[in-house]
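Student:
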Amino acid sequence: MMSSPFPRSILQVAPRVVLSLLLAACSRGPGGTGASDVRLPPAGPPGDPAIPARVAPVFPAGWRLPAGQPATFAPQVMAVSNSPAASAAATEIMRAGGNAVDAAVALGFALAVTWPEAGNIGGGGYSVVRLADGRVAAIDYREIAPLAATRDMYLDANGKLTDKSVYGHLASGVPGAVAGLSALLERYGTMPLSRVMQPAIRLAREGFVVDTALAGSIARARGMVTRFQRSTPYFPNGQPLAAGARLVQPDLARTLEAIAQYGAAGFYKGWVADSLVAEMRRGEGIITHEDLSRYTPVWRAPIRTNFREYTLLSMPPSSSGGVTTAESLNILEQYPALPSYGSTRWFHLVGSAYQRAFIDRNAKLADPAFVPVPLAQLTSKTYARQLQGTISETRATPTRELEPRMQALPREPEHTTHYSVVDAQGNAVATTTTLNNSWGSGVWVRGAGFMLNDEMDDFAAQPGTPNMFGLVQGEQNAIQPGKRMLSAMSPTIVLDRDNQVLLVVGAAGGPTIITGTSQVILNVIQHRMTLMDAMRAPRIHHQALPDSLTFEAGGIAPPVLDSLRSMGHAMRQLRALVNVNAIMRVKGGWEGVPEPRRSGGAVGY
Ligand code: DON
């Protein structure tokens, strides 16, 4: 019997979780741009060969995000995230002379203050960097399984999967964000950590006014967070902070000051580490001082792939983001002419490409330090041609027909955030970090003031059984001490045919990160939409299992929906899919678009 009142599955869990991850979190109303110095793009001749003219898309009548809206424009620098205050921290640092890397690190720490449901120091993530001089880099600061972790640690005495990979102290991997952001700054930044962390420290110490988006998130997290501790700054005396209240986080400010003073050692050693380990001992947690002091981020070569004449730089394993995006786009590239956006054939081909790429993702990808990963094969055009050959023009292929070994075991009753930054020199940073669930494991480190992740659920805690996102993953992603759990995070930079940064993009939303990010890219490159239209366009998702094509309510015209059903697609409707934040180069500067399905801020000058 499970001791927890929370069921495991994302689909049956408290509405807070479901909504915050896939639906409501993507639909908190229109995004406030929070932009400063917003100007209209200069009117110029539509002749820049690197930026082909954009084409107005047609969305279904009644779709709630009509096309044709303007984006935030800035001539020099741009930062886009889910928090206007955190985006402003990035531009503050760039105004003070910092580059995009300085600004991205400032933004990351500021998000830990202003977006505590996902912005994090208690979790991990990935950054992809492209410098104006052409250098590229990727850094992996994904959490790792603690040394005391075991393959079956989340099974009960009867071999049944419990909810402990999702809720409580045992759910956390060893956090990587502080090590990763400080290593990124050290290698490619120009300012000291103590400088770039100033906006975050100020926001934590002096506080900021809670907006309706954060108030809603806090209210939804009440049961989960107050279950593990009675009082936090978000729930003073157990009561949720309301919109308009001031959120002051003195413990978090002290932690950030320790990091600013001592670098990553201020987190992984000393009193902050002591507080984290003490918190572990209060619950059933297993992270030790040794786990913390051994944590090291890994520099990796970005996945470099091309779609038509555009180059994509994205995250390699331990994230599946870059490989699965490359595989999906390579399959689509096999079609010399792709159908128009919104047609039956478009959704069929895109969904079928994702289905095939996810079969490989779920069975073959994992931490490359533990499992050989066939990167070259999975990202090759020859392989894509073979996979494209399995797509019928007239019917959906059942996943079990493509991969009979891939079976979901009977299902038990069953957060992330991306930011994009560019500077006036053309340096670009795409970063996605996560606590996994909104508000992570629900555990707040007493005395140190931050939420811990529940990233252990991204492992196949019981290979063959769906995780929180319904992903059915194999043995290669089973739990092992020191191993990174497979991620879907997809921070991506797209270069145009002249090798200039065109897009800086990525998303939150579990496996839908891959499909959401790549659809924005496809909308820009293939359908030549403006960035705003590309972001507002209705999205779909397919992850092989469950064997369904998910779509946004109102996003597919009824006759198209009927045709897709008659081809055999099991159509599954959600209110909203994915939380993307993106920047695109346009004539004379940059356009920034925070996710139109939720809140966020594009700030530039
Ligand atoms: O790394 C991953 O793929 C997941 N932990 C991401 C979770 C996520 O995006 C949830 N947020 N909306």
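As numbered in the numbering used here, residues 7 to 611 make up the sequence shown, in order.
Just so it is clear, CB atoms sit at the ideal spot from N, CA and C, and this is done for glycine as well.
1. Less than 7 Å separating the Cβ of Gly516 from some heavy atom of ligand 1?
2. Val427: which of Ser444, Phe234 and Val507 sits nearest, CA to CA?
3. Let's test the definition: count the other Cβ atoms within 10 Å of the Cβ of Ser133 and tell me whether it reaches 16, buried, or not, exposed.
4. For Arg211, collect the residues of the same chain with a Cβ closer than 6 Å to its Cβ; drop the 5 residues on either side in sequence, then sort them by chain order.
5. How many whole angstroms separate the CB atoms of Ala102 and Thr120, which I take to be in contact at a CB cut-off of 8 Å?
6. Please state if the CB of Thr523 and the CB of Val586 are separated by a distance shorter than 8 Å.
7. Return yes when at least one heavy atom of ligand 1 lies under 7 Å from the C-beta of Phe519, else no.
8. Shorter than 7 Å, the distance from the beta carbon of Ser346 to the closest heavy atom of ligand 1, or not?
9. Within this structure, are the beta carbons of Thr423 and Ala514 separated by less than 8 Å?
10. Do Arg252 and Phe313 have their C-beta atoms closer together than 8 Å?
11. Decide if the segment 485-497 is in contact with the segment 551-562; the criterion is three or more beta carbon pairs, one per stretch, under 8 Å apart.
12. What distance in whole Å lies between the Cβ atoms of Val584 and Arg545, which are believed to be in contact at a cut-off of 8 Å?
13. Who does Asn368 pair with in a DSSP beta bridge?
14. What's the C-alpha gap between Ser89 and Trp69?
15. Report the three-state DSSP secondary structure of Phe456 (helix, strand or coil).
16. When burial is assigned at 16 or more other CB atoms within 10 Å of the CB, is His295 buried or exposed?
17. Spatial neighbours of Asn473 within its chain, please: C-beta separation below 6 Å, excluding the five flanking residues on both sides.
18. How long is the line joining the alpha carbons of Thr656 and Pro198, rounded to whole angstroms?
19. Roughly how many angstroms separate the alpha carbons of Ala96 and Thr78, rounded to a whole number?
20. What does DSSP give as the partner residue(s) for Asn587 in the beta ladder?
21. Run the proximity test for Asn442: is its beta-carbon closer than 7 Å to any non-hydrogen atom belonging to ligand 1?
22. For the alpha helix (DSSP H) containing Leu393, name the first residue and the last one.
23. Less than 8 Å between the CB atoms is what I'm expecting for Asp297 and Leu153, so what's the real figure, rounded?
24. Considering just the uninterrupted stretch of the beta strand (DSSP E) at Ile519, what are its terminal residues?
25. Taking just the CA atoms, how far does Gly186 sit from Ala110?
26. What three-state label does DSSP hand Tyr274 in the structure shown?
27. Could you tell me the alpha carbon to alpha carbon distance between Lys649 and Gln392, rounded to whole angstroms?
28. Which residue's Cα is closest to the Cα of Gly453: Val254, Pro380 and Ala284?
29. Pick from Glu409, Met100, Ser496 and Val356: whose alpha carbon is nearest that of Asp366?
30. Determine the closest residue to Gln532 out of Arg604, Glu315, Gly476 and Gly129, with distance taken between C-alpha atoms.
31. Anyone know if the C-beta pair for Ser496 and Met321 falls short of 8 Å?
32. Classify Gly186 as helix, strand or coil using the three-state DSSP reduction.
33. Give the list of continuous beta strand (DSSP E) stretches no shorter than 3 residues that lie fully inside the segment 228-306.
34. With DSSP as the reference, label Glu597 as helix, strand or coil.
35. Would the beta-carbon of Met495 be found less than 7 Å away from any heavy atom of ligand 1?
36. Do you know offhand how far Ala249's Cα is from Thr261's?
Tutor: The relevant details are as follows:
1. Taking the sequence shown and counting its residues from 1, one reaches residue 516 at position 510. Checking the Cβ of Gly516 against ligand 1 gives yes.
2. If you number the sequence shown from 1, residue 427 lands on position 421. If we check each option's Cα against that of Val427, Val507 comes out closest.
3. Along the sequence shown, one-based indexing puts residue 133 at 127. Under this definition Ser133 is a buried residue.
4. In the sequence shown, residue 211 corresponds to position 205, counting from 1. Closer than 6 Å at Cβ, skipping near neighbours: Ala259.
5. For the purposes of this step, residue 102 is identified with residue 96 of the sequence shown, where counting begins at 1. For the purposes of this step, residue 120 is identified with residue 114 of the sequence shown, where counting begins at 1. Their Cβ separation, rounded to whole angstroms, is 19 Å, which puts Ala102 and Thr120 out of contact at 8 Å.
6. The sequence position of residue 586 within the sequence shown is 580, counting from 1. The sequence position of residue 523 within the sequence shown is 517, counting from 1. In contact: Val586 and Thr523 (Cβ atoms closer than 8 Å).
7. Taking the first residue of the sequence shown as position 1, residue 519 is located at position 513. According to the sequence displayed, residue 519 carries Ile and not Phe. Yes, ligand 1 has a heavy atom inside 7 Å of this Cβ.
8. In the sequence shown, residue 346 corresponds to position 340, counting from 1. No.
9. If you number the sequence shown from 1, residue 423 lands on position 417. If you number the sequence shown from 1, residue 514 lands on position 508. Yes, these two residues count as a Cβ contact at 8 Å.
10. Indexing the sequence shown from 1 puts residue 252 at position 246. Indexing the sequence shown from 1 puts residue 313 at position 307. No, Cβ-Cβ distance for Arg252 and Phe313 is not below 8 Å.
11. no
12. Within the sequence shown, residue 545 is the residue found at index 539, counting from 1. Within the sequence shown, residue 584 is the residue found at index 578, counting from 1. Their Cβ separation, rounded to whole angstroms, is 6 Å, which keeps Arg545 and Val584 in contact under 8 Å.
13. Within the sequence shown, residue 368 is the residue found at index 362, counting from 1. Asn368 pairs with nothing; no bridge assigned.
14. The residue labelled residue 89 in the question sits at position 83 within the sequence shown. The residue labelled residue 69 in the question sits at position 63 within the sequence shown. Each residue's Cα considered, the two are about 26 Å apart.
15. Sequence index remark: in the sequence shown, residue 456 carries index 450 (1-based). Phe456 falls in the coil class under three-state DSSP.
16. The sequence position of residue 295 within the sequence shown is 289, counting from 1. Exposed, since its Cβ has fewer than 16 Cβ neighbours within 10 Å.
17. Reading the sequence shown from its first residue, position 467 is the one you call residue 473. So the list reads Asp463, once near-sequence residues are dropped.
18. For the chain, the structure presents residues 7 to 611; residue 656 sits outside this window and is missing.
19. Indexing the sequence shown from 1 puts residue 96 at position 90. Indexing the sequence shown from 1 puts residue 78 at position 72. Ala96 and Thr78: Cα-Cα distance of roughly 16 Å.
20. Looking up residue 587 in the sequence shown gives position 581. DSSP output for Asn587 lists Gly512 as bridge partner(s).
21. Locating residue 442 in the sequence shown gives position 436, counting from the first residue. Checking the Cβ of Asn442 against ligand 1 gives yes.
22. If you number the sequence shown from 1, residue 393 lands on position 387. Leu393 -> alpha helix (DSSP H) spans Lys387 to Gln394.
23. Mapped onto the sequence shown, residue 297 falls at position 291. Mapped onto the sequence shown, residue 153 falls at position 147. Indeed, because the Cβ distance is near 6 Å, the residues count as touching under 8 Å.
24. For the purposes of this step, residue 519 is identified with residue 513 of the sequence shown, where counting begins at 1. Counting along the chain, Ile519 falls outside any beta strand (DSSP E), though it belongs to the alpha helix (DSSP H) covering Thr518 to Ile531.
25. Locating residue 110 in the sequence shown gives position 104, counting from the first residue. Locating residue 186 in the sequence shown gives position 180, counting from the first residue. Spanning the two alpha carbons is a distance of roughly 12 Å.
26. Here residue 274 refers to the residue found at position 268 when the sequence shown is read from its first residue. In this structure, Tyr274 counts as helix in the three-state DSSP scheme.
27. One cannot answer for residue 649 here, as it falls past the ends of the chain, which runs 7 to 611.
28. Working through the sequence shown from its first residue, we reach residue 453 at position 447. It is Ala284 whose Cα lies nearest to the Cα of Gly453.
29. The residue you call residue 366 lines up with position 360 of the sequence shown. Here the closest residue by C-alpha is Glu409.
30. Reading the sequence shown from its first residue, position 526 is the one you call residue 532. Closest by alpha carbon: Glu315.
31. Here residue 496 refers to the residue found at position 490 when the sequence shown is read from its first residue. Here residue 321 refers to the residue found at position 315 when the sequence shown is read from its first residue. Contact: yes.
32. The residue labelled residue 186 in the question sits at position 180 within the sequence shown. Here Gly186 sits in helix by DSSP.
33. 304-306
34. Sequence index remark: in the sequence shown, residue 597 carries index 591 (1-based). Correct three-state label for Glu597: strand.
35. Within the sequence shown, the letter at position 489 stands for residue 495. Checking the Cβ of Met495 against ligand 1 gives yes.
36. Translated into the one-based positions of the sequence shown, residue 249 becomes position 243. Translated into the one-based positions of the sequence shown, residue 261 becomes position 255. Roughly 25 Å between the two C-alpha positions.
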